[in-house]
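Per our numbering, the very first residue in the sequence shown carries number 18; after that it's consecutive. Each residue gets a CB set at the ideal place from its N, CA and C atoms; glycine is no exception.
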Amino acid sequence: MTPLLLIAAGLLALVTGVAVLRTFGPGYRVGRLLATTPRVSVDEARAIAAAGRRRYVRVDGRIDSEEDFEDTEHRPLVFRRTRLEARRGTGWQAFEDRRERVAFHVNEGLSSILVDDAALDAGLVVVPRESVGVA
């Protein structure tokens, strides 16, 4: 009787864990991708793209553009997505999804890769280095 009780408790814990993870929504997926995405150099990213392999990679470098636009705090941007949603019943429904973008590339040393901003969809995550206060 005890092994059957342990199996039932384990299954209940598993179902509860899955239910809790589902409540996190798409933010959980983004966090998981950020934590597990392998870092590659710009040259490696170009080789992956030339081979036609589609996968998420992390590329570090300086973002440059011929033209850019500013946010509300006058910082230069190359991509901005504004999504407005309204609460409908128990869920959210998007009623405006606007994207502003310009062509840009990522530089790492002497290597550079052009980013296809139109094909990014949810694949672009930029984590700015920003600090507030005195060091």
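Return the chain-ordered list of same chain residues with a C-beta closer than 8 Å to the C-beta of V57, the five sequence neighbours on each side being excluded.
I65, V74, R75, V76
Of all the options A30, R72, E84, which has the alpha carbon lying nearest to the alpha carbon of T53?
R72
Alpha carbon of F121 to alpha carbon of V32, nearest angstrom:
44 Å
Assess, as a yes-or-no matter, whether the segment 128-135 is touched by the segment 83-93 under the definition of 3 or more beta carbon pairs within less than 8 Å.
no
Quick check: R100 and D81, are their CB atoms within less than 8 Å of each other?
no
Out of curiosity, what's the CA-to-CA distance linking I24 and R105?
40 Å
In this structure, does DSSP put G117 in helix, strand or coil?
Note that residue 117 corresponds to Glu in the displayed sequence, not to Gly. It is a strand residue.
CB-CB length for R98 against R116, believed under 8 Å:
5 Å
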